[in-house]
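Engineer: Below you will find the structure I want to go over with you.
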Ligand code: NCD
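Residue numbers (this note's numbering): 1276 to 1588.
What follows is the structure, encoded as structure tokens:
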């Protein structure tokens, strides 16, 4: 299935998953993103790599930052952007999904950015798409969120360039997290060996499903870590209440100053957003000096520009 994301020369034609994307390709994408990074307050440079191209955002699930950053990334590269408001329409599936693709292709859409609660949707669209069309996965069920994995790796690399030496703790609802899956995939490919995955037993993946050591004790996972990545509890992906009350959860797994003090003194704190302050992370930690949470958002635009540009160079 992953083969469909590469063209005959082995270049990325779609971005469906980070599985099977080698270290050199990942590194090239991160290097490209470096050149697109704009600090808030600067006016981002305008480019023409995608002039004359049309990018359609197909978000079948809610999104703030991912959707906005894909839109800004595409515009800053000179593309036209179409935002289809389909999250509200009921069960757009199977044939109708393909029909959406064909319809938009007929209007000269060249790139499809897709978020969907069902796994396999980005791959299905990639299989059906015309030769010149590119499909980008912007969040697929609990399975994969490749541009998030890239932007997380990019953010970590900016602060801690020697990825091979890092200890990374990811804490929260790992079981339902496409963010964790893609971050782990990117980090493993880039050489990180010490990955700790912590959460209540009911929210941990099966042993061996993801690379990393499983912890139910958050303090143990955070101890000595260089990077602490907090995740949201994804109630929308749970069958039934599998988590304790917010207050109990925060006590056991939330990142407050006391727990963060167990990490390395210069550890960075990450969160993909949306955050639940006071549930998985204390507000003062989220806004504190070790937090790179807003920088992740800044980097997300650059990272998405890099991926889009790579399709046209
Ligand atoms: C996440 C997502 O949708 O996968 N958010 C994001 O893309 N930044 C994580 C979440 O919903 O908790």
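Quick reminder that beta carbons are idealized off the backbone N, C-alpha and C, glycines included. Note that this is a predicted model, so its numbers are computed, not measured.
Taking just the CA atoms, how far does residue 1576 sit from residue 1380?
Structural biologist: C-alpha separation (whole angstroms): 25 angstroms.
Engineer: Use the C-beta contact count for residue 1572: other C-beta atoms within 10 angstroms, 16 or more gives buried, fewer gives exposed.
Structural biologist: buried
Engineer: Could you check the C-alpha separation between residue 1327 and residue 1305 for me, to the nearest Å?
Structural biologist: 25 angstroms
Engineer: So does residue 1518 have its beta carbon nearer than 8 angstroms to some heavy atom of ligand 1?
Structural biologist: no
Engineer: So what does DSSP say about residue 1417, is it helix, strand or coil?
Structural biologist: coil
Engineer: Please return the same chain residues whose Cβ sits closer than 7 angstroms to the Cβ of residue 1476, not counting the five positions on each side in sequence.
Structural biologist: 1491
Engineer: Less than 7 angstroms between C-beta atoms, sequence neighbours within five positions excluded: which residues of the same chain meet that for residue 1325?
Structural biologist: 1349, 1352, 1353, 1354, 1583 and 1587
Engineer: Please report the straight-line C-alpha distance between residue 1482 and residue 1384, rounded to a whole angstrom.
Structural biologist: 42 angstroms
Engineer: For residue 1480, is the beta carbon positioned less than 8 angstroms from some heavy atom of ligand 2?
Structural biologist: Of the ligands this structure carries, namely ligand 1, none is ligand 2.
Engineer: Assuming residue 1518 contacts residue 1478 under a Cβ cut-off of 8 angstroms, what Cβ separation, rounded to an integer in Å, is found between them?
Structural biologist: 7 angstroms
Engineer: What residues in its chain sit with their C-beta under 8 angstroms from that of residue 1344, if we drop five residues either side in the sequence?
Structural biologist: Closer than 8 angstroms at Cβ, skipping near neighbours: 1572, 1575, 1576 and 1579.
Engineer: Run through DSSP, which three-state label would residue 1410 get?
Structural biologist: strand
Engineer: Should the region 1442-1458 be called in touch with the region 1315-1322, which here means at least 3 C-beta pairs below 8 angstroms?
Structural biologist: Result no; under three Cβ-Cβ pairs closer than 8 angstroms.
Engineer: Does DSSP put residue 1444 in a helix, in a strand, or in coil?
Structural biologist: strand
Engineer: Please work out which residues of its chain come closer than 7 angstroms, Cβ to Cβ, to residue 1456, disregarding the five sequence neighbours upstream and downstream, and give them in chain order.
Structural biologist: Excluding positions up to five away in sequence, the list reads 1418, 1419 and 1485.
Engineer: Quick check on residue 1293: buried or exposed, where buried means 16 or more other Cβ atoms within 10 Å of its Cβ?
Structural biologist: Counting Cβ neighbours within 10 Å, residue 1293 comes out buried, since at least 16 surround it.
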